[in-house]
Structure formats: C-alpha cells, structure tokens
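Structure record follows, encoded as structure tokens.
Protein chains: 2
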Amino acid sequence: MLSRQKVLKFQKAETDQKDESELGPLARTIGVFLDLTEEEISALDALNRQKIHLAAQQDLYLEGDAIDRTYVLLHGWMCRHRTLEDGRRQIMSFVLPGDLLNHFGAYQPTTIHTVTALTDAVLASFSCHDIVSLSRAYPRLGAAFAWLGARKYSLLEEHVVRIGRRNAYERIAHMLLELLHCLNVVDDSCEDGYELPVTQEILGDALGLSLVHVNRTLRRLRKEGLIQMDSNRRIVILDMDALTEIAEFSPDYLQHRSIPILTEENLQKVG
Amino acid sequence: MLSRQKVLKFQKAETDQKDESELGPLARTIGVFLDLTEEEISALDALNRQKIHLAAQQDLYLEGDAIDRTYVLLHGWMCRHRTLEDGRRQIMSFVLPGDLLNHFGAYQPTTIHTVTALTDAVLASFSCHDIVSLSRAYPRLGAAFAWLGARKYSLLEEHVVRIGRRNAYERIAHMLLELLHCLNVVDDSCEDGYELPVTQEILGDALGLSLVHVNRTLRRLRKEGLIQMDSNRRIVILDMDALTEIAEFSPDYLQHRSIPILTEENLQKVG
DNA sequence: GGCAATGACACACATAGGTTAAACAACGGC
DNA sequence: GCCGTTGTTTAACCTATGTGTGTCATTGCC
C-alpha cells in the first residue's frame, strides 16, 4: 500500500470532526496514489462546491432515473443496488468515502441501479461532463479518473467470483477483508477492526444470502475465534492470517498502488 | 436498437468468409452506435494490424500476467474467468466479436483474470496506450472507448444480480436472452436462435452452477417449450415473451442505443 | 474396426442455504 | 416507566442445488 504517511496526514487534518479537510475528498483519494500539483488539486476542489446531505435510508437516485450528475461521497456509507419485482435485492457494492457515484453518467442515459444511504451521508455533486472536460484539460486527472473506473471494475469482478463460487463462510470472510483493506486507505483508525454500519440483512443482500444464514455464518466465524463483534457494530479481525486463508483473499485486485500510467516513461509515450 | 441497416450492411461485407470486413472490427462495433468520419475510421483501423490466431482452449493471457496490450476479438468466442485454488472456476463474461480485452490495461499493472478461447479465435492486438493517445487525438473516439467501458460495467453489474439473486431457472433464461441480444448487434443471422459454442459445464461456470444442475434446468426449459436445442449446439428461443418474463429481462442495461455524449449539445459543452 | 476422450443426460443421495416463526435485546418516543 | 420498532439470535423444517456415479452418443485417432 502506498504512502501511508500521506493518509495519516490527511486524517489528522480531519480529526476535528469537519467533513471536509483542506483537500477535497477526490483530491484526497486520488492523492493517495498520485502526487497532485497545486493546480490539479484546485481543479478537483472546484467540483466540490455543491453539497448534499442525506439521512440514513434515503435514496440518492433510483434505478431508471435520467441524471446528469456525478457525486463523491464525503462522509458515511452508501450502497448501490437493484431489486427484482418480487423484492429480492442485490447490492452491487458498498460505497465508501472518496468513492464516485454515477462515474460513467456521461455515457449512460439512465441509471440502472439505485443508490441508498446506509448511514447519514454527505456528498458533493457536479455535472457528469465536468469529468470529461477536466480530463481533457488535465491529462493526469483524466488518467486518475480512468484508473478509478478500472479499479471499480476490478472490485466488481471480484464480487462476481465471491458470489458465484464461494460459499457463505468464505463469502463473508472475503467481504470483511475487502472492506477492511478499502477503509484502511481512507481511514487510518482501523488497523484490524472497523465499524460496519450495516444490518445482517443488508450484508445478505450484498452477498446473495439470507439474513438467517448470514447470522449463522457470523456466529460460526465468532465461535472459531476469527472475528469479534462488539456492540456498536464494530468488527474486529482476530486472526487475519486464518481469515485470509479461508477467504483466499489476495488484495491485488484492489490496486492499492500508484497509478501506472503516470510513470515517467508512460507520460512521455502519451505525450 | 440503433441502425439495423448499418449492421446488415457490415454483415454483407463479411459473408464471403473473411474475418475482416473493410471496416476494422472496432470501427464496426462502434459504428453501430455512432457515425464515424473517414478519419476516425482509419485511425481505428490502424489498431488493427497485428493479428493473433488462437485454437479453441488456448489462453490469451493468464491471471497475474503483466501485459501492456489491448485486444479486439474479431472472430469466435472467448471467456474471461478466474479459478480458485481448489479448482472452482467463475467466468466473468463471455467475449463476443467486437469486444475489447484488457480494455483498462493502461491502468492495471497485471491482469486479474485469465482469457481463454472457447472456439478457434482471431484477435487484433495493439498497445494499451494507443487507446489513451487515440482518445486524446480524437475526442469522439475517446467518448466511444469510455462508452464501451461503461457498457461493460453495466453488463457485469447485471451478472452480479443474475448470480446473486436469481435461481438457476431464471439465471439460464436470462443468460440466453442476454447473449441473443448482444449477438443481434454484431450478427444478423440470429433472429431468435444462435449457436452457443459452449459446453454445459462452461455455462455452469459462468452462472455459478454445477454441470448437472445446468443440464437439469435446460431440460426443464425444453420440456416447458421455452427453448429448443438442436444438434450443433444451436439454441432456439421458442417463446421469447415467456422467457423474458421468467428471466425478468429488460435490455436497458445493454445500452444498445447511440452514444449519449455525442449529441450536438454535449459536444458543445465538452468543447 | 476398436478405443479413448468428450459431452449430454439421468438418477440417487447429501447438504448448504432458504423459509418461517418466535424470543429477546436495544432504543427512542412519550 | 411502558410500548412500538428495529435488529439479532435461535430452532425446526424444507428445498434448491451440489456430488457421485453411470450410461449413451459422438468424434477423432491409430
């Protein structure tokens, strides 16, 4: 994982309970993987003017909405999901601070999923086309946006493997580890534990399992001394190695390293 | 679906058993959704020089390979997949003619899945960075590449819902319909049936099912008069409406319409 | 022609995970 | 303090799907 110090620094700037550090959230997230210039940072921060506050359970947009806005989650947790006619629901992904929503909005006339706040949430909102014009004006930012998209794609592919070919026990272990690794990038407070602000039903909807079976399986993980669940929905990983082994978790797909295209030689190639 | 005539025209150019029409495959695929200029077409065709021929079962690249090439499938079927240590395999997606492989390669140091030919296959290969430089030189092509990426993302999300929340019966129905709709874009010979060059085991690996259960479920679909399976692995949809209802299939996510960003007003906005 | 390999198909049986229901704890409103 | 609401936990039962095994048809090889 890249530049731990940098994350730490950003965190410190935030500890006084303000949602926004001096850096905007996008600049912060991208900044973990790429050293931004002053100019690039202020270009990103310009996206950060219009704020949205949502209460837990509220929807940001619905499946089928025609929207031309892209969002960055600043604070809280959300999820993207689709529901079948009979009520079966599938969560595509959890949305953590720093993540983009409707990233590809400029190319999609309507959304194909719903986005809902799991906790109280704060977002910044800007036009879909801002990403396109910003990318044109600042090629390195364009690469960063493309990289964010590629990373999301990898996450989704891993989700397919998780749901398609892992059993409940492995699925939950894998999901808990993925969330830990992702949170570690933006939030330094979780060395081996974190608050999972999610009911067991929601976890089931993400993993293609029923509430009851999630409960059964969490119980098993606890009984075997692999995890611990405090009150306040705090998850603590007690035996990281064993859990990683069970889940066959390898963090490569998270791409927590510097953005490849921005090495010296590639910048030359691209001109 | 857009410009049926255009697809027909391209098909005619191909019927003499040549893999390449006058238009390169990328220009052809993109051309279905966007009228390309002569200049754009020849820029795309420049990507089309280096050909690769693979026999069925051969791998194009393996999980973990560090490659800096992007590919277009010209002819045949392939699949992208990952295998767990104990042999359980999950296919992320089938790859049809016109699809890109390692689309985001410029942003990913190593691949996270394996790509294998299901039939004999022909591909064109070019540098990952060509997409970036081409996008910079031709903004409309940049939009087209981004649109292709967004579309792939939608397909993968639908795959998550399919595997996570549909049962075997619905899963297979849904997959068969998706393939029909996708093939219809590039190949006009399949009005309501197509050759599915795939064993039942492979279908199971795509849908998170066992071979035996795929077999059972196909039998049921046949017995109920919904589909027909000729020899030569040809699938015929006998009752499209019923199947669409069962699968709760709505083709919006396939985005078989013109590329949104390229409307007059958006082009102005983007400059 | 025989033989090995592959894939479709079928059956019996085992089990992971779904369903239903109910008790219980935590919390906020009043 | 009581009460409704929400989420967790557990138990009992059921079913969709996996596993193991075997047959049969087709194909290609020698």
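Here the protein sequences come in this chain order: A and B. Start counting the first sequence at 1; every next residue gets the next number (the numbering used here). Start counting the second sequence at 272; every next residue gets the next number (the numbering used here). Glycine is no exception: its CB is placed at the ideal position from the N, C-alpha and C atoms.
Rounded straight-line distance, which links the Cα of A:R219 to that of B:I517: Residue 517 of chain B sits at position 246 when you count from the first residue of the second sequence. Residue 219 of chain A sits at position 219 when you count from the first residue of the first sequence. Taking the straight line joining both Cα atoms gives about 36 Å.
Amino acids of chain A, ordered along the chain, whose beta-carbon sits closer than 8 Å to that of B:Y332: Numbered from 1 along the second sequence, position 61 holds the residue referred to as residue 332 of chain B. Result: empty, since nearest Cβ-Cβ is about 15 Å, beyond 8 Å.
Could you say which of B:I530, B:M446, B:D458 and B:N503 lies nearest to B:T515 if we only look at CA atoms? For the purposes of this step, residue 515 of chain B is taken as residue 244 along the second sequence, with counting starting at 1. Minimum Cα distance to B:T515 is reached at B:M446.
Taking Cβ positions only, does B:R544 come closer than 9 Å to chain A? Here chain B covers residues 272 to 542 and nothing more, so residue 544 of chain B does not appear.
Suppose the cutoff is 8 Å on Cβ atoms and the five residues either side in sequence are ignored; what does the same chain contact list for A:L226 look like? As a working mapping, residue 226 of chain A is identified with position 226 in the first sequence. Within the same chain, A:L226 has close Cβ partners A173, I237, L238, D239, A242, L243 and I246.
Quick one: does B:E285 have its CB under 9 Å from some CB of chain A? Position 14 of the second sequence, counted from the start, is the residue given in the question as residue 285 of chain B. Legend: pLDDT at B:E285 = 37, less than 50; position of this residue unreliable, value from coordinates given subsequently. For B:E285, the answer is no, since every Cβ of chain A falls outside 9 Å of its Cβ.
With a cut-off of 8 Å, do at least 3 Cβ pairs link the segment 404-423 of chain B to the segment 82-95 of chain A? no
Taking only the alpha-carbon atoms, compute the straight-line gap between B:I434 and A:T37 and give it to the nearest angstrom. Residue 434 of chain B sits at position 163 when you count from the first residue of the second sequence. Residue 37 of chain A sits at position 37 when you count from the first residue of the first sequence. Going by the C-alpha atoms only, they are around 43 Å apart.
My output table needs one value for B:G369: the three-state DSSP class, helix, strand or coil. Along the second sequence, one-based indexing puts residue 369 of chain B at 98. Coil.
Taking the beta carbon of B:Q471 as the centre, do at least 16 other beta carbons fall within 10 Å, making it buried, or is it exposed? Here residue 471 of chain B is taken as the residue at index 200 of the second sequence, counted from 1. Its Cβ being crowded by 16 or more others within 10 Å, B:Q471 is buried.
Can you find a C-beta in chain B that's less than 9 Å from the C-beta of A:L326? One cannot answer for residue 326 of chain A here, as it falls past the ends of chain A, which runs 1 to 271.
So A:F126 contacts chain B; which residues on that side make the cut at Cβ distance below 7 Å? Position 126 of the first sequence holds residue 126 of chain A. None at all; the shortest Cβ gap to chain B is about 13 Å.
Specify the secondary structure class of B:Q587 as computed by DSSP and reduced to three states. Since the first residue of chain B shown is 272 and the last is 542, residue 587 of chain B is not available in this structure.
By the 8 Å beta-carbon criterion, what residues does the segment 375-407 of chain B contribute toward chain A? Residues F375, A377, Y378, Q379, P380, T381, I383, H384, H400, V403, S404 and R407.
So with CB distances below 8 Å, who are the chain B contacts of A:G208? Here the question's residue 208 of chain A lines up with position 208 in the first sequence. Going along chain B in sequence order, the residues near A:G208 (Cβ under 8 Å) are I434, G435 and R436.
If you drop the 5 nearest sequence neighbours on each side, which residues of the same chain put their C-beta closer than 8 Å to that of A:A43? Locating residue 43 of chain A in the first sequence gives position 43, counting from the first residue. Taken in chain order, the residues that qualify are L134, A137, Y138 and L141.
Completely contained beta strand (DSSP E) runs for the segment 69-125 of chain A, where each covers 3 or more residues: 69-75, 78-83, 89-95 and 114-117
Terminal residues of the alpha helix (DSSP H) in which A:R234 lies: For the purposes of this step, residue 234 of chain A is taken as residue 234 along the first sequence, with counting starting at 1. From DSSP, A:R234 is part of no alpha helix (DSSP H) but of the beta strand (DSSP E) over R234 to I237.
Can you give me the C-alpha to C-alpha distance between A:I67 and B:A421, rounded to a whole angstrom? Position 67 of the first sequence, counted from the first residue, corresponds to residue 67 of chain A. Position 150 of the second sequence, counted from the first residue, corresponds to residue 421 of chain B. B:A421 has its alpha-carbon roughly 15 Å from the corresponding atom of A:I67.
Hey, out of B:K494, B:S425 and B:L480, whose CA is closest to B:H527's CA? Here the question's residue 527 of chain B lines up with position 256 in the second sequence. Per the Cα distances, B:S425.
Could you work out which residue in B:A477, B:V386 and B:N438 is closest to A:D86 when comparing CA atoms only? On the first sequence, residue 86 of chain A is found 86 positions in, with the first residue counted as 1. Selected option, being the one with the closest Cα: B:N438.
Span of the alpha helix (DSSP H) holding B:D512? Here residue 512 of chain B is taken as the residue at index 241 of the second sequence, counted from 1. Element bounds for B:D512: M511 to A518.
Helix, strand or coil at B:S404 [DSSP, three-state]: Residue mapping note: residue 404 of chain B aligns to position 133 of the second sequence, counting from 1. In the structure shown, B:S404 falls within a helical segment according to DSSP collapsed to helix, strand and coil.
I need the boundaries of the beta strand (DSSP E) containing A:D59, first residue and last residue. Here residue 59 of chain A is taken as the residue at index 59 of the first sequence, counted from 1. First-last of the beta strand (DSSP E) with A:D59: D59 to Y61.
What are the boundary residues of the alpha helix (DSSP H) that includes A:G164? Looking up residue 164 of chain A in the first sequence gives position 164. P139 to R165 is the extent of the alpha helix (DSSP H) around A:G164.
Could you list which residues in chain A have their beta carbon closer than 7 Å to that of B:V457, in chain order? Sequence index remark: in the second sequence, residue 457 of chain B carries index 186 (1-based). Ordered by position in chain A, no residue passes the 7 Å Cβ test against B:V457, which lies about 19 Å from the chain.
With distances taken from CA atoms, which of B:I506, B:T354, B:D370 and B:D330 is nearest B:T548? Chain B is shown from 272 up to 542; residue 548 of chain B falls before or after that span and cannot be answered.
Between A:Y169 and chain B, is there a C-beta pair that is closer than 9 Å? Numbered from its first residue, the first sequence carries residue 169 of chain A at position 169. Interface annotation, A:Y169: not in contact with chain B, CB-CB separation never under 9 Å.
So, under 8 Å CB-CB, A:C79 and A:L118 are touching, yes? Tell me the CB distance rounded to an integer number of Å. Residue numbering aside, residue 79 of chain A sits at position 79 when the first sequence is read from its first letter. Residue numbering aside, residue 118 of chain A sits at position 118 when the first sequence is read from its first letter. So it is a contact: roughly 6 Å between Cβ atoms.
Identity of the residues DSSP links to B:T464 by a beta bridge: Position 193 of the second sequence, counted from the first residue, corresponds to residue 464 of chain B. Rather than Thr, the amino acid found at residue 464 of chain B in this sequence is Gly. Answer by DSSP bridge pairing, in chain order: B:V507.
Nearest residue (CA-CA) to A:S125, options A:G105, A:A206, A:V72 and A:T111: If you number the first sequence from 1, residue 125 of chain A lands on position 125. Among A:G105, A:A206, A:V72 and A:T111, the Cα nearest to that of A:S125 is on A:V72.
CB contact check: A:I172 to chain B, cutoff 9 Å: Sequence index remark: in the first sequence, residue 172 of chain A carries index 172 (1-based). No, A:I172 does not count as interfacial toward chain B.
For a cutoff of 9 Å on Cβ pairs, would you count A:H256 as touching chain B? Position 256 of the first sequence, counting from 1, holds the residue named residue 256 of chain A. With 9 Å as the cut-off, A:H256 does not count as an interface residue toward chain B.
Check whether A:E157 and A:Y253 have beta carbons under 9 Å apart: As a working note, residue 157 of chain A is residue 157 in the first sequence. As a working note, residue 253 of chain A is residue 253 in the first sequence. Taking 9 Å as the Cβ cut-off, A:E157 and A:Y253 qualify as a contacting pair.
Neighbour-count burial assignment, A:Q57, 16 or more Cβ in a 10 Å radius: Residue 57 of chain A sits at position 57 when you count from the first residue of the first sequence. Answer is exposed; the Cβ neighbour count stays below 16.
Could you name the residues that DSSP lists as bridge partners for A:M229? As a working note, residue 229 of chain A is residue 229 in the first sequence. Answer is A:I235.
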